[in-house]
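Peer 1:
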Amino acid sequence: MKPVILAGGSGSRLWPKSRAALPKQFLALTSEQTMLQETLSRLEGVDAREPIVICNDSHRFLVAEQLRQRGIAHGGILLEPVGRNTAPAIALAALHALQSDADETLLVLAADHLIKDKTVFQQSVKKAEQLAQAGYLVTFGIVPDCPHTGYGYIKASQELDTGFVVEQFVEKPDMSTAKEYVDSGNYFWNSGMFMFKAGRYLEELEKYHPDILDICKRAIETETQDLDFIRIDADTFATCPDDSIDYAVMEKTEKAAMVPLDAGWSDVGSWSSLWDVADKDDNGNAVVGDAILEDVHNSYINAEGRLISVIGLDDVVVVETKDAIMVANKNKVQDIKKVVNRLKEEKRPEFEFHREVFRPWGSYDSIDNGARFQVKRITVKPGEKLSVQMHHHRAEHWIVVSGTASVTIGENTRMVTENESTYIPIGEVHALENPGKIPLELIEVQSGAYLGEDDIVRFSDRYGRTQKQG
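Just so you know, we're using UniProt numbering here: the sequence shown kicks off at 1 and counts up by one.
1) Taking contact to mean at least 3 C-beta pairs separated by less than 8 angstroms, is the segment 124 to 141 in contact with the segment 194 to 208?
2) Could you check the C-alpha separation between residue 288 and residue 274 for me, to the nearest Å?
3) For residue 283, collect the residues of the same chain with a Cβ closer than 7 angstroms to its Cβ; drop the 5 residues on either side in sequence, then sort them by chain order.
4) For residue 52 and residue 12, what's the separation of their Cα atoms in angstroms?
5) Count Cβ pairs between the segment 418 to 425 and the segment 351 to 369 that sit closer than 8 angstroms; are there 3 or more?
6) Excluding five sequence neighbours on each side, which residues of the same chain lie with their C-beta closer than 6 angstroms to the C-beta of residue 62?
7) If residue 129 and residue 195 are in contact, beta carbons under 8 angstroms, what's the gap, nearest whole angstrom?
8) Leaving aside the five residues before and after residue 232 along the sequence, list all residues of the same chain whose C-beta is less than 6 angstroms from its C-beta, in chain order.
9) Taking Cβ to Cβ, would you say residue 460 is nearer than 8 angstroms to residue 416?
10) Just reading off the alpha helix (DSSP H) that residue 275 is part of, what are its end residues?
11) Residues in the same chain with beta-carbon distance under 6 angstroms from residue 116, minus the five sequence neighbours each way, listed in chain order, please.
12) For residue 55, which of 241, 432, 111, 244 has the nearest alpha-carbon?
13) Using 8 angstroms as the threshold, is the C-beta distance between residue 405 and residue 448 below it?
14) Can you confirm whether the segment 183 to 195 touches the segment 151 to 171 when touching is taken to mean that 3 or more C-beta pairs between the two stretches lie within less than 8 angstroms?
15) Leaving out the 5 sequence neighbours to the left and right, which residues in its chain are closer than 7 angstroms to residue 277 when beta-carbon positions are compared?
16) If distances are taken between C-alpha atoms only, which option among 369, 239, 2 comes closest to residue 99?
17) Based on the DSSP output, what are the partners of residue 265 in its beta bridges?
18) Determine the DSSP secondary structure at residue 199, reduced to helix, strand or coil.
19) Assuming residue 121 and residue 49 are in contact, meaning their beta carbons sit under 8 angstroms apart, how far apart are those beta carbons, in whole angstroms?
20) So if DSSP puts residue 260 in a beta bridge, which residue, or which two residues, is it bridged to?
21) Please classify residue 180 as buried or exposed, where buried requires at least 16 other C-beta atoms within 10 Å of its C-beta.
22) Going straight from the alpha carbon of residue 184 to that of residue 147, what length do you get?
23) In the DSSP assignment, what are the bridge partners of residue 421?
24) Can you pull the DSSP bridge partners for residue 389?
25) According to DSSP, simplified to helix, strand and coil, what is residue 326?
26) Touch check for the segment 233 to 243 and the segment 79 to 96: three-plus C-beta pairs under 8 angstroms?
27) For residue 415, which beta-bridge partners are listed by DSSP?
28) Tell me the DSSP secondary structure of residue 301 in three-state form.
29) Could you name each continuous beta strand (DSSP E) segment of 3 residues or more that falls completely within the segment 336 to 386, going from the start of the chain to the end?
30) Measuring alpha carbon to alpha carbon, tell me which of 142, 408, 385 ends up nearest residue 436.
31) So within the segment 177 to 253, which uninterrupted beta strand (DSSP E) runs reach at least 3 residues, ignoring any that extend past its ends?
32) Buried or exposed, going by whether 16 or more other CB atoms sit within 10 Å of the CB of residue 308?
33) Would you identify the three-state DSSP class for residue 438, choosing helix, strand or coil?
34) First and last residue of the alpha helix (DSSP H) that includes residue 39?
35) DSSP state of residue 314, grouped into three classes?
36) Have a look at residue 250 and residue 433 and give me their C-alpha separation to the nearest angstrom.
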């Protein structure tokens, strides 16, 4: 089988940790690994080919780097030019997979789910594979441990060899209906994970949503390889309807089957769900980072870099990052999306970026800024190089803190080592490279009338980035 990892999505309900440029699937929220890395790691021991990972263009280097960190080989990182939901994304993966194997079976997983029991998960995958080989489109139904109004439900009917026929998909219910579902024993949470033969999925998609299949076929006809990435025709794919696999296929097909999964699953969709799955102290508090609590109960505290002290509160969520602090009642965390929408409307940088921004060559952390200056700490990975570029509105002063920098200014290149500095005037073509074997750390002081990241004229770039990408 070939795993297909859906790594799109914004994870806005986990702001301020999760942001548009670094959403939850790329964060380490439940272990030392990121959610994406956890998803791929639980496939170890499953007889599977190298996975296809689907993500949007702006996250492509995050995916490549996180796979590299864990030594995970992949079968292609497929880039969606625009988000069009799961039905088109899976169609692209199926069409791509069939290019190398006309009988390929796909295991479709979300990159941002928690599954505690890896062994049980793998056993369910094997059961699903048997049904997929028999021509079923299989979904994984989570065995509910409580009535939950935040999930859709699947009603199981006739028993099959390793699962059940799906009788009905049900929208998120109210609490009284959810209790009836759980008490009946016939309903399961809809996990959003699937298994089927690639060809069978495309057959059903052609039957129920032929316009999606037609557009995906045309978009992938001209796919091109760009470093680790597979690009499709952006203009064609942009015309594709936005639809989920549930609505487009699974709720309509007569060959839907379900395999139960009872493996400690969570979609980690909110801070309260993270509290649900976290280890807690005697007062029911889950704490990450440096925190001092007095008379606090049933709360989630996440400190990234500073000490957090909480006194005399119950059922709260407190999350601290370098540039934002979020405090919420644990029962109101769904309203975080309202805050995120306001940040987006007001065009505040906290909507999209953290103070520390990751790039394919390393990262930069905006330490301080004012009307005509900005100070950044820049880290360049060994062997990496920033683009050859110039700025119309700012000059830059670089001070090397550790490592060695190869600095090109105009026609001249020289080495700058620890405690040495260099100056780049406004309008001067320049480049920065780390030729060493340890990370290069430097402080950059920008000064000028305009200090935005879009003041970059890029002449050459080894990562093939566009003008607006840093």
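Just so it is clear, CB atoms sit at the ideal spot from N, CA and C, and this is done for glycine as well. All values derive from a computational prediction rather than experimental measurement.
Peer 2: Put simply:
1) Result yes; three or more Cβ-Cβ pairs closer than 8 angstroms.
2) Along the sequence shown, one-based indexing puts residue 288 at 288. Along the sequence shown, one-based indexing puts residue 274 at 274. Taking the straight line joining both Cα atoms gives about 11 angstroms.
3) Locating residue 283 in the sequence shown gives position 283, where the first residue counts as 1. So the qualifying residues of the chain are 296, 297.
4) By one-based count along the sequence shown, residue 52 stands at place 52. By one-based count along the sequence shown, residue 12 stands at place 12. Residue 52 and residue 12: Cα-Cα distance of roughly 24 angstroms.
5) Segment contact: the segment 418 to 425 against the segment 351 to 369, fewer than three CB-CB distances shorter than 8 angstroms; contact not assigned.
6) As a working note, residue 62 is residue 62 in the sequence shown. Counting only residues of its own chain and dropping the five nearest sequence neighbours on each side, residue 62 has a CB closer than 6 angstroms to the CB of 26.
7) Counted from its first residue, the sequence shown places residue 129 at position 129. Counted from its first residue, the sequence shown places residue 195 at position 195. About 6 angstroms separates the two Cβ atoms, so the contact holds.
8) As a position in the sequence shown, residue 232 is number 232, starting the count at 1. Closer than 6 angstroms at the Cβ level, and outside the excluded window around residue 232, lie 219, 220, 223.
9) For the purposes of this step, residue 460 is identified with residue 460 of the sequence shown, where counting begins at 1. For the purposes of this step, residue 416 is identified with residue 416 of the sequence shown, where counting begins at 1. No; because the gap between Cβ atoms is not below 8 angstroms, this pair is not in contact.
10) For the purposes of this step, residue 275 is taken as residue 275 along the sequence shown, with counting starting at 1. For residue 275, the enclosing alpha helix (DSSP H) has its first and last residue at 271 to 277.
11) Counted from its first residue, the sequence shown places residue 116 at position 116. In the same chain as residue 116, and ignoring 5 residues on each side of it, the C-beta atoms closer than 6 angstroms to its own belong to 264, in chain order.
12) Residue mapping note: residue 55 aligns to position 55 of the sequence shown, counting from 1. Distances from the alpha-carbon of residue 55 to those of 241, 432, 111, 244 put 111 closest.
13) For the purposes of this step, residue 405 is identified with residue 405 of the sequence shown, where counting begins at 1. For the purposes of this step, residue 448 is identified with residue 448 of the sequence shown, where counting begins at 1. The answer is no: Cβ separation not under 8 angstroms.
14) Touching, per the Cβ criterion.
15) Counted from its first residue, the sequence shown places residue 277 at position 277. For residue 277, where only same-chain residues beyond five positions count, the Cβ hits under 7 angstroms are 30, 114, 266.
16) Residue mapping note: residue 99 aligns to position 99 of the sequence shown, counting from 1. Checking every option, the nearest Cα to that of residue 99 belongs to 2.
17) In the sequence shown, residue 265 corresponds to position 265, counting from 1. According to DSSP, residue pairing for residue 265 in a beta bridge involves 115.
18) Residue numbering aside, residue 199 sits at position 199 when the sequence shown is read from its first letter. Collapsing the DSSP output to three states places residue 199 in a helix.
19) If you number the sequence shown from 1, residue 121 lands on position 121. If you number the sequence shown from 1, residue 49 lands on position 49. Not a contact, Cβ separation roughly 18 angstroms.
20) As a position in the sequence shown, residue 260 is number 260, starting the count at 1. 141, per the DSSP bridge assignment.
21) Within the sequence shown, numbered from 1, the residue matching residue 180 stands at position 180. So residue 180 ends up on the exposed side.
22) Locating residue 184 in the sequence shown gives position 184, where the first residue counts as 1. Locating residue 147 in the sequence shown gives position 147, where the first residue counts as 1. Taking the straight line joining both Cα atoms gives about 11 angstroms.
23) Here residue 421 refers to the residue found at position 421 of the sequence shown. For residue 421, which the question treats as bridged, DSSP gives the partners 399.
24) By one-based count along the sequence shown, residue 389 stands at place 389. Residue pairing by DSSP puts residue 389 in a beta bridge opposite 430, 458.
25) Locating residue 326 in the sequence shown gives position 326, counting from the first residue. The three-state reading of DSSP puts residue 326 in strand, counting E and B together.
26) Below 8 angstroms, enough C-beta pairs join the segment 233 to 243 and the segment 79 to 96 to call them touching: three or more.
27) As a position in the sequence shown, residue 415 is number 415, starting the count at 1. Note: residue 415 sits in a beta bridge opposite 406.
28) For the purposes of this step, residue 301 is taken as the residue at position 301 of the sequence shown. Residue 301 carries a strand assignment under DSSP once its states are collapsed to helix, strand and coil.
29) DSSP runs (the beta strand (DSSP E)) wholly in the segment 336 to 386: 356 to 359, 362 to 369, 373 to 380.
30) As a working note, residue 436 is residue 436 in the sequence shown. Residue 436 has its Cα closest to that of 385, out of 142, 408, 385.
31) Correct list: 187 to 197, 224 to 226, 229 to 231.
32) For the purposes of this step, residue 308 is taken as residue 308 along the sequence shown, with counting starting at 1. Answer is buried; the Cβ neighbour count reaches 16.
33) Sequence index remark: in the sequence shown, residue 438 carries index 438 (1-based). The answer is coil: DSSP assigns residue 438 none of H, G, I, E or B.
34) One-based indexing of the sequence shown puts residue 39 at position 39. Per DSSP, the continuous alpha helix (DSSP H) segment holding residue 39 begins and ends at 35 to 41.
35) Residue mapping note: residue 314 aligns to position 314 of the sequence shown, counting from 1. If DSSP states are grouped into helix, strand and coil, residue 314 belongs with the strands.
36) Walking along the sequence shown from the start, residue 250 turns up at place 250. Walking along the sequence shown from the start, residue 433 turns up at place 433. The straight-line gap separating the alpha-carbon atoms of residue 250 and residue 433 is approximately 50 angstroms.
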